[in-house]
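J.: In order, the protein sequence lines correspond to chains B and D.
Here this note's numbering is used: the first residue of the first sequence is 544, the next is one more, and so on.
Here this note's numbering is used: the first residue of the second sequence is 600, the next is one more, and so on.
For glycine and all other residues, C-beta sits at the position ideal for the given N, C-alpha and C.
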Amino acid sequence: MENNIIQELVKEFNFPETSIRQPRERRISLEVGLDKFTDVLEYLMKHFNFTHLCTITGLDEGQNLSFIYHLTKEGGILINIKVSVPKENPVIKSIIPYFAGAEIYERELVDLFGAKVEGLPSGNRYPLTDNWPAGQFPLRKDWKQDMLDKKAGENA
Amino acid sequence: MHNPSEEFKIPIGPQHPALKEPESFSVALRGEKILGVDIRLGYNHRGIEKACEERTYIQDMYLIERVCGICSHSHSTCFIQAVEEIAGLAVPRRALYIRTLVAELERIHSHLLWLGVAGHEIGFDTLLMYTWRDREIVMDILAELTGNRVNYGINTIGGVRRDISSIQIQETLKAMDLLEERTKYYIELGLEETTIIKRLSGVGVLSYEDSLHFDAVGPTARASGVKRDVRKDDPYASYGEISFDVITDTGADVYARTIVRLKELMESYKIVRQCLKNLPDGPITVRAPRKIPAGEALSRYEAPRGEDVHYVKSNGTDKPERVKVRAPTLANVQAVKHMLKDRFLADMPIVIAAIDPCFSCTDRLVSLKDDDKKADVMTWQALHDYSIKWHSQRGVDFGKLNKKLQERLSK
């Protein structure tokens, strides 16, 4: 089944062999450019019934920020779709039109990684406080705890 | 006087007598009817994911176990499964069985706890007293097997830390018989007691389609007819070798969620018995390397509240590059807004309780770190002094009030 999905994906989108692999049973990892991302998502939902979004993981990879969308389908096969964007301008598209549950995961990426999510409606931030200093993204590698302490000291 | 046809907003939380953990709801009402709910989370955010990047894998395991006080085993197992997958460790079968055993005992205590809370929320406190008394049986077994009532510390990378003796097996089996008998009574109660049926039916409805749309998990999704259970779909530990049923219901309301949890208890007893009966011989741990080779893994686990997801990325050192935790409540809380819309305000406590929320899990953690201090241990007096200093620095001074109180007491 995993092989079948991989073959179909390669056929449909011409992925190079290095960008798609099967690390173990019931797991597929896929790297995809932002331009093809929504097409791949739609294709997987429509043709392979990947209907459940587990979560979205953010990664700080130096020059780039990467986001991994973990999707599953009945039968337990899980696909990790990784999208990388440059850190200076980390713009991604919201997937709320496909998964309503994605809203809070995307807010988390905004707060903790400084992602710019196109199409994310305005609303409460999550999970940081409303008075969190602007431009500080705690899960980026260059962020250290004393940056916050200094900032708090300046305000006091 | 307030005009009942006007929209009215009430804030509940972040600190509120009815809430067990801090979270904030802003409820828009017209009369008694809920027009919409705005939920603000994050009050329990403690920065655990960041803290994990600064600690070794074995330290992280203990830290991750403290993501949640109720489903601690779920988080630690989910995390080390990912680490073991990256390291390519073959965990001994006996260890996997013991993990499964503790996992199900945890589910039993969590579901009984929930049943009590649900009873309390609908004013049926007798049920709370009964279930929490019975819950002590399984708590004692957990303490006997692992040494702790919560945060069991049974896991280690590559296996488990404690073996199980034949006397413990006998005791656990006896406890299961007792709990099964009690659970049968609760099921009967759930199916026949009119108070429960009338109060919970048709409340907090989440249709099958909405359940999929909002990505609900665990008993919340299964009560809407979504047959989704990581133990069956993506078997881990020893679930692949054990026979049990995935309980679903089509009621899609709070009553269905109650029945699903009650029936799941019966499945848990079944799983515990199989684990004990088929417990393989052999070692309980394999030696794990201190440094984990570079790689990544995603691990899933069916916690009592639903699917728990951990992502671990390693970089070849003894500390992970990235750890991501998604607890089941975060997946379910988004459906709550939908469940509450157009319902009455009085239904709010039980509808929220029905997803069995755990906001500590959801928000995860900040480390308490002070580089100036050498010792991590604080005496009670030192903690007390620290607290007074902390508050007085922020303009809160109870000194005078305390003095007055002391004077009054000494009279």
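Return yes when the Cβ of His719(D) is within less than 9 Å of the Cβ of Arg860(D), no when it is not.
T.: No; because the gap between Cβ atoms is not below 9 Å, this pair is not in contact.
J.: Note down, in chain order, all residues in the segment 636-654 of chain B with a beta-carbon under 7 Å from any beta-carbon belonging to chain D.
T.: From the segment 636-654 of chain B, only Phe642, Ala643, Gly644, Glu646, Ile647 have a Cβ closer than 7 Å to chain D.
J.: Hey, how far is the Cα of Leu614(B) from the Cα of Gly850(D)?
T.: Those two C-alpha atoms are separated by around 27 Å.
J.: Quick test of your reading: Ser671(D) and Met660(D), contact by CB under 8 Å. State the CB separation rounded to the nearest angstrom.
T.: The Cβ separation is near 11 Å, so there is no contact.
J.: Would you list the one or two residues that DSSP bridges to Arg570(B)?
T.: Looking at the DSSP assignment, Arg570(B) forms a beta bridge with Arg567(B), Leu621(B).
J.: If contacts are defined as beta-carbon pairs under 8 Å, then Val690(D) and His708(D) qualify, I think. What distance do you get, rounded to the angstrom?
T.: The Cβ separation is near 24 Å, so there is no contact.
J.: For Gly994(D), which residues in chain E fall below 7 Å Cβ to Cβ?
T.: Reference to chain E is not applicable here, since the protein chains of this structure are B and D.
J.: Just the C-alpha distance for Ser571(D) and Glu605(D), rounded to the nearest angstrom, thanks.
T.: In the structure as shown, chain D begins at 600 and stops at 1010. Residue 571(D) is therefore absent and cannot be evaluated.
J.: Kindly list the residues whose CB is nearer than 8 Å to the CB of Gly662(B), restricted to its own chain and excluding five residues on each side of it in sequence; keep chain order.
T.: Here the set comprises Lys636, Ser637, Ile639, Pro640.
J.: Taking 9 Å as the CB-CB cut-off, is Gln679(B) touching chain D?
T.: Gln679(B) does not count as touching chain D.
J.: Would the segment 811-828 of chain D count as touching the segment 903-915 of chain D if we require 3 or more Cβ pairs under 8 Å?
T.: The segment 811-828 of chain D vs the segment 903-915 of chain D: in contact.
J.: Closer than 7 Å, Cβ to any Cβ of chain B: which residues of the segment 645-676 of chain D, in chain order?
T.: Of all residues in the segment 645-676 of chain D, Gly646, Glu648, Lys649 have a Cβ within less than 7 Å of some Cβ in chain B.
J.: Quick check on this structure: which residue in Ile549(B), Ile599(B), Arg564(B), Lys554(B) has the alpha carbon closest to the alpha carbon of Glu651(B)?
T.: For Glu651(B), the nearest C-alpha among the options comes from Ile599(B).
J.: For my contact list, Ile753(D) and Thr745(D) are in at a C-beta cut-off of 8 Å; report their separation, rounded to the angstrom.
T.: Right, the Cβ-Cβ distance comes to about 5 Å (below 8 Å), so this counts as a contact.
J.: Please work out which residues of its chain come closer than 7 Å, Cβ to Cβ, to Phe680(B), disregarding the five sequence neighbours upstream and downstream, and give them in chain order.
T.: Closer than 7 Å at Cβ, skipping near neighbours: Leu655, Phe656, Gly657, Trp686.
J.: Strictly below 9 Å CB to CB, what residues from chain D border Asn623(B)?
T.: The contacting residues are Glu895, Leu897, Tyr910.
J.: Tell me whether His615(D) sits in a helix, a strand or coil according to DSSP, three-state version.
T.: Coil at His615(D), not helix or strand.
J.: By DSSP's criteria, Pro882(D) is part of a beta bridge. Which residues make up the other side?
T.: None, per the DSSP bridge assignment.
J.: Counting beta carbon pairs with one atom in the segment 807-827 of chain D and one in the segment 928-935 of chain D, are three or more of them shorter than 8 Å?
T.: A contact exists between the segment 928-935 of chain D and the segment 807-827 of chain D.
J.: Could you tell me the boundaries of the alpha helix (DSSP H) in which Leu799(D) lies?
T.: Segment 793-799, the alpha helix (DSSP H) holding Leu799(D).
J.: Quick check on the DSSP output: the alpha helix (DSSP H) that includes Cys667(D) runs from which residue to which?
T.: Neither: Cys667(D) is in no alpha helix (DSSP H) and is coded neither H nor E.
J.: Quick check: Leu621(B) and Tyr586(B), are their CB atoms within less than 9 Å of each other?
T.: For Leu621(B) and Tyr586(B), no; Cβs fall outside 9 Å.
J.: So, Arg665(D) versus Asn750(D), is the Cβ gap smaller than 9 Å?
T.: In contact: Arg665(D) and Asn750(D) (Cβ atoms closer than 9 Å).
J.: Can we say the segment 877-885 of chain D touches the segment 754-773 of chain D, given the rule of at least three CB pairs closer than 8 Å?
T.: A contact exists between the segment 877-885 of chain D and the segment 754-773 of chain D.
J.: I'd like to know whether the C-beta of Leu695(D) is nearer than 9 Å to at least one C-beta of chain B.
T.: False, the Cβ-Cβ gap to chain B never drops below 9 Å.
J.: Checking contacts by CB at 9 Å: is His590(B) closer than that to chain D?
T.: Not an interface residue.
J.: Taking the straight line between their C-alpha atoms, what separation do you get for Ile795(D) and Val804(D)?
T.: Taking the straight line joining both Cα atoms gives about 16 Å.
J.: Determine, for Glu684(D), whether the minimum Cβ-Cβ distance to residues of chain B falls below 9 Å.
T.: Yes, contact with chain B.
J.: What first and last residue would you give for the alpha helix (DSSP H) that runs through Asp578(B)?
T.: Here the alpha helix (DSSP H) through Asp578(B) covers 577-591.
J.: So Ala930(D) contacts chain B; which residues on that side make the cut at Cβ distance below 7 Å?
T.: Within chain B, the residues near Ala930(D) are Gly644.
J.: Return the bridge partner residues of His909(D) from the DSSP annotation.
T.: Bridge partners of His909(D): Ser898(D), Val924(D).
J.: Go to Ala820(D), then tell me how far its alpha helix (DSSP H) extends in each direction, as first and last residue.
T.: 817-821 is the extent of the alpha helix (DSSP H) around Ala820(D).
J.: Looking at the unbroken beta strand (DSSP E) that takes in Ser609(B), where does it start and where does it end?
T.: 607-615 is the extent of the beta strand (DSSP E) around Ser609(B).
J.: Mapping DSSP to helix, strand and coil, what is Asp969(D)?
T.: Residue confidence for Asp969(D) is low, a pLDDT of 46 falling below 50, so the modelled location carries little weight and cannot support an answer.
J.: Tell me which same chain residues have a C-beta within less than 6 Å of the C-beta of Trp731(D), skipping the five on either side of it?
T.: Cβ within range, chain order: Gly715.
J.: Helix, strand or coil: how does DSSP classify Arg629(D) here?
T.: DSSP places Arg629(D) in strand when its eight states are reduced to three.
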